[in-house]
Each structure stands twice: as structure tokens, then as C-alpha cells.
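Numbering (our numbering), first residue to last: 670 to 879. Report on one structure; see the data block that follows.
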């Protein structure tokens with residue numbers, strides 16, 4: 670339907686003012702709320718892919734994220750827990766000693782834009798808090814933001830905390846941040862590494878669909 674295509678394009682363009690009206694128009698002409706959400710997520714998927722290829726920059730991505738949030742406000746009352754197809758639940762936080770949250774927040778918005786439920790537990794998070802949140806929210810993925818080389822040693826502590834809790838096999842641990850590499854991820858026993866927010870969102874979707 671043309672209106673759904675327009676919604677995806679408008680989200681890609683980051684036009685947050687136009688989004689609520691377009692979403693309401695789609696509902697008024699008979700589109701299902703989930704169809705509209707799917708169109709919005711399709712737009713965000715393109716944003717994430719182009720951001721990963723350095724074809725879009727953070728300000729542009731943020732505009733699209735804000736457009737997604739504005740459109741979601743219209744849809745939220747129409748989507749019950751049963752109707753909304755959440756792909757999975759992600760616990761998101763910066764590891765203990767890391768006070769940075771801009772990158773983490775961007776990852777969170779991209780994850781939500783791809784249809785994942787995000788539980789953001791903030792910055793400076795001890796390993797045990799990741800475990801507690803994962804258990805409380807029945808998480809599929811734990812995403813740890815690590816922006817400083819001095820906080821890289823927190824990674825094995827997070828992994829060990831999940832092993833000690835007996836739930837390591839139930840949760841995928843994903844890490845990312847400026848100093849992180851795939852080799853470090855592998856050596857620490859984590860499940861996935863993403864170099865940017867767009868890659869993190871795509872990877873999280875892939876992990877949840879496995």
C-alpha cells in the first residue's frame with residue numbers, strides 16, 4: 670500500500686513532524702497497526718544498514734530514531750502485548766566503570782527500531798546487575814557497551830556472572846564499543862560483537878531469529 674511505503678520513506682528521511690499524521694492516516698484508511706509498525710521497522714532497517722556502511726551519520730540516524738518514536742506514540746495504544754510482535758528482549762547497559770551513554774542510547778534506539786524490546790539499565794553497571802535484569806525480564810540478549818580500554822576487563826566478569834548463575838546457555842552476550850574487536854569477543858567467550866549501532870541492531874535481530 671502506498672501509504673506504508675511513504676511511512677518507511679518518511680522515517681528514513683527523519684521527518685518526525687510528519688510521522689504521527691502519516692501513521693494516523695494509515696490507520697484511518699484501514700491499515701493494521703502491526704502493518705504500520707512493520708513499515709516503520711523496514712525504514713529503520715535501511716537506516717541501520719546505511720549507517721553501518723558509513724553512508725549515514727549519527728545526526729541523520731538520530732532524526733530517524735526520533736521519527737520512529739513519534740510514530741510509535743500513535744501506534745502504542747493500538748498494539749496490545751499479544752498483537753505486537755517483539756522479536757526478543759535485550760538488556761542494555763554500559764559495564765562497570767564506564768560512564769558513557771551516548772553510544773549506548775543510540776544502540777537502544779536502533780534496537781527498538783528493529784522491533785526488539787529494550788531494557789536499558791544505564792551506565793556503570795556491575796556484572797551481577799546484568800544477570801539480575803536478564804532473569805527478571807527473561808532476556809534473550811545482554812548487550813554490553815564498553816567504550817574505554819580500562820573497562821574491557823569487565824567483560825569476562827559479566828560472562829562469569831552468567832555462568833555462575835547457571836543461565837549462560839540461555840542468554841546471548843553481545844559486546845561493542847571503540848576498543849572492542851572480534852578477536853577480543855571470541856577470547857572473552859561472548860557470542861557476538863558489533864562495531865556500530867546499525868550492526869548491533871542487525872546482529873541482535875539475527876540472534877533472536879536463530
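Cβ atoms here follow ideal geometry from the backbone N, Cα and C, with glycine treated the same way. Nothing here was measured: the structure is a model prediction, and the numbers come from that model.
Exposed or buried, residue 815, counting other C-beta atoms within 10 Å across all chains shown (16 or more means buried)?
-> By the neighbour-count definition (other C-beta atoms within 10 Å, threshold 16), residue 815 is a buried residue.
Assumed close pair residue 677, residue 708 - CB separation to whole angstroms, cut-off 8 Å = 5 Å
On a CA-only basis, which of 799, 691 and 768 is nearest residue 825? Give me that one, please.
-> Nearest Cα to residue 825 within the set 799, 691 and 768: 799.
Nearest to residue 845 (by Cα), restricted to the options 691, 785 and 774 | 774
Status (buried if at least 16 other CB within 10 Å, exposed otherwise) for residue 750 = Only weak support is given to the placement of residue 750: the predicted model assigns it a pLDDT of 46, under 50, and the question is left unresolved by the model.
With a 10 Å radius around its C-beta and 16 neighbouring C-beta atoms as the bar for buried, classify residue 841 as buried or exposed.
-> buried
Opposite residue 813 in the DSSP bridges: which residues?
-> 762 and 844
Sequence-distant residues of its chain with Cβ nearer than 7 Å to residue 681 (five each side left out) = 712, 715, 716 and 733
Confirm, please, whether the CB-CB distance from residue 869 to residue 780 is below 8 Å.
-> yes
Identify whether residue 794 lies in helix, strand or coil by the three-state DSSP scheme.
-> strand
For the alpha helix (DSSP H) that contains residue 771, what are its first and last residues?
-> 771-782
May I ask which residues mark the beginning and end of the beta strand (DSSP E) holding residue 787?
-> 786-789
Is the CB-CB distance between residue 731 and residue 705 below 8 Å?
-> No.
Just mark residue 885 as buried or exposed, buried being the case when its beta carbon has 16 or more other beta carbons within 10 Å.
-> Residue coverage of the chain in this structure runs from 670 to 879, which leaves residue 885 outside it and unanswerable.
In chain order, what residues of the same chain lie with their CB nearer than 8 Å to the CB of residue 783, ignoring the 5 residues before and after it?
-> Hits under 8 Å: 710, 713, 714, 717, 756, 870, 871, 873 and 874.
Closest Cα partner of residue 848 within the set 839, 831 and 821 | Checked all of 839, 831 and 821; the closest Cα to residue 848 is 821.
Do residue 727 and residue 880 come within 8 Å of each other at the CB atom, strictly closer than that value?
-> Residue 880 cannot be examined here, being either before or after the span of the chain that is shown, 670 to 879.
Reference residue 695, options 721, 741, 838 and 723, closest by Cα | 741
Exposed or buried, residue 771, counting other C-beta atoms within 10 Å across all chains shown (16 or more means buried)?
-> exposed
Cα separation between residue 698 and residue 688?
-> 16 Å
Chain-order list of residues whose beta-carbon lies under 6 Å from that of residue 852 (same chain, five-residue window excluded) = none
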